[in-house]
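J.: Take a look at the following structure, please.
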Amino acid sequence: MDLFEYQAKDLFRKYGIPVPDGKVASSPKQAGAIATKLGGNVVVKAQVQVGGRGKAGGIKLASTPAEAESVASQILGMDIKGHKVRRVLVERAGDIKSEFYASFLLDRSEKNRAVLGMASARGGVDIEEVAATEPEAIARVSVSPLVGLRPYHIRALLFGAGIPAEAHKGVGSLLEKMYEALVSGDGALVEVNPMALTGSGDVVALDAKVSIDDNAAFRHPDLEKLLDVSALDKQERAAKERGLNYVKLDGTVGIIGNGAGLTMSTLDVVAQAGGTPANFLDIGGGANAETMASGIGVILSDRKVKSLLVNIFGGITRCDLVAQGILEALQQLGDVKAPIVVRLDGTNAEEGRKILQDANHPNIVPSPTMLDAAAEAVKLAKKRRH
Amino acid sequence: MDLFEYQAKDLFRKYGIPVPDGKVASSPKQAGAIATKLGGNVVVKAQVQVGGRGKAGGIKLASTPAEAESVASQILGMDIKGHKVRRVLVERAGDIKSEFYASFLLDRSEKNRAVLGMASARGGVDIEEVAATEPEAIARVSVSPLVGLRPYHIRALLFGAGIPAEAHKGVGSLLEKMYEALVSGDGALVEVNPMALTGSGDVVALDAKVSIDDNAAFRHPDLEKLLDVSALDKQERAAKERGLNYVKLDGTVGIIGNGAGLTMSTLDVVAQAGGTPANFLDIGGGANAETMASGIGVILSDRKVKSLLVNIFGGITRCDLVAQGILEALQQLGDVKAPIVVRLDGTNAEEGRKILQDANHPNIVPSPTMLDAAAEAVKLAKKRRH
Amino acid sequence: MSILLNEETKVVVQGITGSEGTFHTRRNVAYGTNVVAGVTPGKGGQKWDDSVPVYDTVDEAVREVGANASLIFVPARFAADAIFEAADAGVGLIVCITEGIPVLDMARVYPYVQSRGITLIGPNCPGLISPGKANMGIIPGEITGPGPIGLVSRSGTLTYQVMYEMWTRGVGQSTCIGIGGDPIVGTNFIDVLGRFAEDPETKAVVLIGEIGGDDEERAASFAKENVDKPIVAYVAGFTAPEGKRMGHAGAIVSGSKGTAAAKAEAFESMGFRVGRSPTETALFAIEAVR
Amino acid sequence: MSILLNEETKVVVQGITGSEGTFHTRRNVAYGTNVVAGVTPGKGGQKWDDSVPVYDTVDEAVREVGANASLIFVPARFAADAIFEAADAGVGLIVCITEGIPVLDMARVYPYVQSRGITLIGPNCPGLISPGKANMGIIPGEITGPGPIGLVSRSGTLTYQVMYEMWTRGVGQSTCIGIGGDPIVGTNFIDVLGRFAEDPETKAVVLIGEIGGDDEERAASFAKENVDKPIVAYVAGFTAPEGKRMGHAGAIVSGSKGTAAAKAEAFESMGFRVGRSPTETALFAIEAVR
């Protein structure tokens, strides 16, 4: 789960990481009021979960409340790489002597020391580009959470990145707290780009990017309320609310599978058969009729979907329950136009096939194998498009 | 560094480990006053750093303040296995349903998981005896401080020791806090024997034994003031104050060596030569004239010492400085009767021997080898005894 | 022969009295797996299904009935603790089915288990089966049978699909291992390939990968150097968009890293065949052993 | 030959600019040890003694000049961190001279270093010397010379005494290792005995133990099974009373455990000679190689 900058900064405050004074606003007027409170110069920043908002005009300075209100009205509602700006963060602007980069993230490639720490004296720039063009400008340390972040890790980052000595204490302290935020907050990523050394010698996190490990949500019940479902697409929101593993794509063939691997594979064979998958939807293990019905409902609410492919290999999942779920969904949804190609194998497959056969529903097209089913679903989707 | 029970219980309070209400007293009157404050029944406990004080009459119940004062006057001043009782702990007596044992200690034999946790449903008894006669009555877990104490360790102790289910929560919580006290407090040992399940279902640490790792003292400046030098022997106290590695023994040949191993070995060869070592004193690496002079001073203040053996193999330690130190000590101490047998080898040995030769002091007896020196020191000690 | 698991493996099931634990343990027992004990704290002394002794701790199960492998079905929030417990109790093989364990929990578990020389399969995996011998986990036993093909996969049902496609064509497996779809799993492709390389009964290996990480790429390089047997690979997720988690916590393309195309290319460049679909993968594997 | 250390070992000294570090590094360099770098955070870029490059981190020393062994002289409160740093930088040998490291620090260091397959000597030890080749630590080089005897000891000066008694009688050593007197040390007798057993130049081994723990007892059993060379043991502390620390943090008799008598008996019962004094120990060792 990705946090917005303003949420990440709230988390930073909790862990004692210095951030500029500021507050989030969802209207130009609110932005002006915050600027009044802060006094003097402010910076108004679009709250979107995508990089490059600066270049896209999503970050602007303002020297008066009126100006803040005016730039906020320009930024709010902007579309930045497909993300609509619904909020701006209004912060006190400070004097900046130099800018650095630092992050901690979970690194699957080094499983014995799975927390990767990075720092660079190049701050405020696209770090992926720095990594590609000047890899030596980024210092890296791998930390085992069993051992924890130790002074030598911090030294390796400070010296390795070439952080100037005057900033060692401030940056070192930020690194410690960022690490603490990652491990205590179950972060998958805690990134500050840039952190600034100010004229008065303080080091402050100007930006904040935090992603939380969804699996650890149970340890952080307070984070649940931060999830901004409004940022999600309509179908994604509905899927999320029903606890489905759903990813929206752009095509015409809706797809339901059981198990992440089989579902991905189903998308691939649909693409190979010349179709375009409309989504990824894994009903998981042990799905029942209700899950199936919800899933079909979510997918068919996408108008672009011309056909639906249900590809089930029953293990824990029972094919008879899947078949019942399909019928229930058709009943609940009423006026369904899209044909549903169904391939059932594994646990109780015969019972499932029989249920569908007996129902003899006009929308249901049984298919004997995964490849046949994919071909059929693609053919039907194309037919309905014309 | 071993803590007294009342000090250990102060530490326990810091880590949230429940202990009976109570306070330490160094006079019967104080004990009576504490009993008055506590109201009702109290227990008066001798504060000595040795086991078996209960059997020795060092723990007594009192049902009135007057009685508390009276039993305190019996206990204060007692000698328990060579330890003089200078203080008593006066605590509220509680009703006890059952008693258990638990401890965490640093265990050198399992270096990968160096914290050994133990628990037993046999509480309030001599645990070493239980270990010898009924080893299966003590549950053990080995914990790596990298991993920390986890729920499964606690379960292993609770179920393994056969702690009754009604006490699982209370004992489990105590175990967690005891572990925390060990690792955060740099304990070498944290032991509770007994912990009591009370009639009201609480679990309380009735006794407390804590030993702190001396090497970690720098992390706990507050502990320094707990060290009760008054419990030490006169020579030991003087040595401690001067930062010397000194252990008092019972013999007549005083011994100074450099390095723990060489000094122990010197004691052994003195014993083999028929003598009895009066002490162990390791002046350590890089000792200078001042260290030598302090060491000689401490040893010769023991009236039983009839001769002194200085056995030095110079590595970092320079033999010339050692020789100077011996002469300085003789000068400072004035009227020294004991002969000092000196064997010097290694770094600057020749210079050292020359200094002693030139000084031509009547008390100094140079000797060419460690074995010769030991034999000489023993001979001289015997001579002076007669 | 088979690897890691056979009819003599003595299995203890952690969480045996839970609904998942009971359901799958019954299936494993019915398959012939030697389940010697269960563990549920507080239920020590009971008999599960009137036959399997339940203990409070894994340690007891090891001491009392000699369990040497543990199968874990406990809920995600308790699973890391369960793995630590099994590791300390001294079993040599731990199979953790549980899905949804926090990554940081695994980042603590992994180095500990590793340093103690224990094989951990999973978490978030279907377990492993040595067809005809024993089944530890949730792979349906009835869709496969003994044979010459070793199978290792990051997926669950996709694995069943490939097993089934082989078995319905008359070719079975020596051992099938689902290593799990999380970012940090105890056993990776390389660990399993190394074992299959040394198993005389395994004549060819099917490897089923998916997007995310670089385990497939590493496996391809390793196999080129160390495995003298045919390998057929399959990779799921060619159509996966960047930055979206495809069900598995570990199945995510980050920037240009971890794409299915790169993984398939890694195998092909090392001279291994890559199936375009589960069906083709099964057919290639059958060709390799016929 | 020698074990662990020779003239080609590339040594980085952590804490090289401190007074201890400077003093002993000079002696080691004078002995011929290949000291390629020093580390003192904040002093990177300087030259120590106008010759040895100083870096801010061990990692740099490894990358820039290929250091493969680290010698640690930093104060006790920073020593655990220094060991972790060296371990992560990828050196294969770490020698920690520092005395007074908290036991819990070592209880965290030990499993980490162990799991990374690194040899740690110490802490609280004099280091090791391969006479005539290289000297890493504080053992005086001038009291010994090359020869057929391997020596391993928990002590410092006592070791010098025995080395000296051998060398003044014309018999030198292959390698002498002081493993240190703390309760938790990185390398124990068994680790070193195993290496001496395989070193063709080492014809006999002297083992110097002291009271506390049971490392000597374990070493005796191990040697009986695994070392096909004469071993002469010496144990210090027959006169040590129970419960008192004899200088070394690890040298303490607890109850009836860890006595010198039990340790000497362990060696004798396995058929090894035990010297009654450093002198006798040296004489027995010389007999064994003549």
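Chains as they are written, first to last, in our numbering: chain A, 5 to 390; chain B, 5 to 390; chain C, 50 to 339; chain D, 50 to 339. Yeah, the Cβ is synthetic: ideal placement off N, Cα and C, and Gly gets one too. Given the structure is predicted, the values throughout are model-derived calculations rather than measurements.
Whose Cβ in chain A lies nearer than 8 Å to the Cβ of D/Phe133?
T.: Val151, Arg154, Tyr156
J.: To be precise: take each residue of the stretch 209-220 of chain C, compare its Cβ to all Cβ atoms of chain A, and keep it if any distance is under 7 Å. Which residues remain?
T.: Tyr209, Gln210, Tyr213
J.: Helix, strand or coil: how does DSSP classify A/Ile131 here?
T.: helix
J.: What residues match up with D/Cys145 in a beta bridge as DSSP calls it?
T.: Under DSSP, the beta-bridge partners assigned to D/Cys145 are D/Ile121.
J.: Is there contact between the stretch 114-125 of chain C and the stretch 137-147 of chain C, where contact requires at least three CB pairs shorter than 8 Å?
T.: They touch, by the three-pair rule.
J.: Keeping to the same chain, check which residues put their C-beta closer than 7 Å to that of B/Cys323; ignore five residues upstream and five downstream.
T.: So the list reads Ile316, Leu348, Gly350, Thr351, Asn352, Ala353, Glu355, Gly356, once near-sequence residues are dropped.
J.: Could you tell me if B/Asp206 is buried or exposed, where buried requires 16 or more neighbouring beta carbons within 10 angstroms of its beta carbon?
T.: Exposed, because fewer than 16 other Cβ atoms sit within 10 Å of the Cβ of B/Asp206.
J.: Return helix, strand or coil for A/Leu65, following the three-state DSSP convention.
T.: Here A/Leu65 sits in strand by DSSP.
J.: Quick one: list the residues of chain C neighbouring A/Ile119, beta-carbon separation under 9 Å, in chain order.
T.: Looking at the sequence shown, residue 119 of chain A is not Ile but Val. By Cβ distance, chain C contributes Leu153, Ala156.
J.: What three-state label does DSSP hand B/His157 in the structure shown?
T.: helix
J.: Cβ of D/Glu56 less than 9 Å from any chain B Cβ?
T.: Interface residue (Cβ-Cβ distance to chain B less than 9 Å): D/Glu56 is not classified as such.
J.: Quick one, which of A/Tyr250, A/Gly265, A/Val274 has its alpha-carbon nearest C/Thr206's?
T.: It is A/Gly265 whose Cα lies nearest to the Cα of C/Thr206.
J.: At a CB distance below 8 Å, what residues from the stretch 162-174 of chain C approach chain D? Give them in sequence order.
T.: Here the close residues are Gln163, Ser164.
J.: Could you tell me whether the Cβ of B/Gly350 comes closer than 9 Å to any Cβ of chain D?
T.: Yes, contact with chain D.
J.: Can you check whether the CB of D/Ser202 is closer than 9 Å to the CB of D/Thr193?
T.: Between D/Thr193 and D/Ser202, the gap from beta carbon to beta carbon reaches 9 Å or more.
J.: Check distances from the C-beta atoms of the stretch 108-127 of chain C to those of chain B and list, in chain order, the residues that come in under 8 Å.
T.: Asp108, Glu109, Phe127
J.: Short check: CB of A/Leu65 to CB of A/Val119, under 9 Å?
T.: no
J.: Against D/Pro4, what residues of chain A qualify as contacts under a CB-to-CB distance less than 8 Å, listed in chain order?
T.: Given that chain D is displayed from residue 50 to residue 339, the structure contains no residue 4 of chain D and the question cannot be resolved.
J.: Count the other CB atoms within 10 Å of the CB of A/Asp237; is the residue buried (16 or more) or exposed (fewer)?
T.: exposed
J.: Return the residue from the list A/Thr40, A/Ser31, A/Gly56, A/Lys244 that minimises the CA-CA distance to A/Glu132.
T.: A/Gly56
J.: At the level of alpha carbons, what is the spacing between A/Arg17 and A/Leu230?
T.: A/Arg17 and A/Leu230 have their C-alpha atoms spaced approximately 15 Å apart.
J.: Pair every Cβ in the stretch 89-105 of chain A with every Cβ in the stretch 221-230 of chain C, then say whether three or more of these pairs are closer than 8 Å.
T.: no
J.: Using a C-beta cutoff of 9 Å, does C/Ile150 count as contacting chain A?
T.: yes
J.: Are the CB atoms of B/Pro372 and B/Val345 nearer to each other than 9 Å?
T.: no
J.: Where do the N-terminal and C-terminal ends of the beta strand (DSSP E) with D/Gly176 fall, by residue?
T.: 176-179
J.: Under the rule that 16 or more other beta-carbon atoms within 10 Å means buried, what is B/Gly86, buried or exposed?
T.: exposed
J.: Could you check how far apart the C-beta atoms of C/Gly262 and A/Ser146 are, in whole angstroms? I think they sit under 8 Å.
T.: Contact doesn't hold; Cβ gap of about 16 Å is too wide.
J.: Suppose you measure from the CA of C/Thr197 to the CA of C/Asn83; what does that come to, to the nearest Å?
T.: Sequence check: residue 197 of chain C is Pro here, not Thr. Those two C-alpha atoms are separated by around 23 Å.
J.: Since A/Asp376 is in the alpha helix (DSSP H), which residue starts that stretch and which ends it?
T.: 374-389
J.: Ignore the nearest five residues each way along the sequence and tell me which others in D/Ile132's own chain have a CB closer than 7 Å to its CB.
T.: Ile121, Ile143, Cys145, Val158, Val162, Leu169
J.: For chain D, check one thing: does any of its Cβ atoms lie closer than 9 Å to the Cβ of B/Glu133?
T.: No, B/Glu133 does not count as interfacial toward chain D.
J.: Anything in chain A within Cβ reach of C/Ala300, meaning under 9 Å, just list it in chain order.
T.: Going along chain A in sequence order, the residues near C/Ala300 (Cβ under 9 Å) are Ala264, Gly265, Met268.
J.: What is the DSSP secondary structure of B/Glu114, reduced to helix, strand or coil?
T.: B/Glu114 falls in the coil class under three-state DSSP.
J.: Tell me which same chain residues have a C-beta within less than 7 Å of the C-beta of B/Glu380, skipping the five on either side of it?
T.: Val345, Val369, Ser371
J.: CB-CB under 7 Å to C/Thr236, same chain, minus the five flanking residues each way: which ones, in chain order?
T.: Thr168, Leu169, Ile170, Ile228
J.: For D/Ile239, which residues from the same chain have a beta carbon less than 7 Å from its beta carbon, with the 5 sequence-adjacent residues on both sides left out?
T.: So the qualifying residues of the chain are Arg267, Ala268, Phe271.
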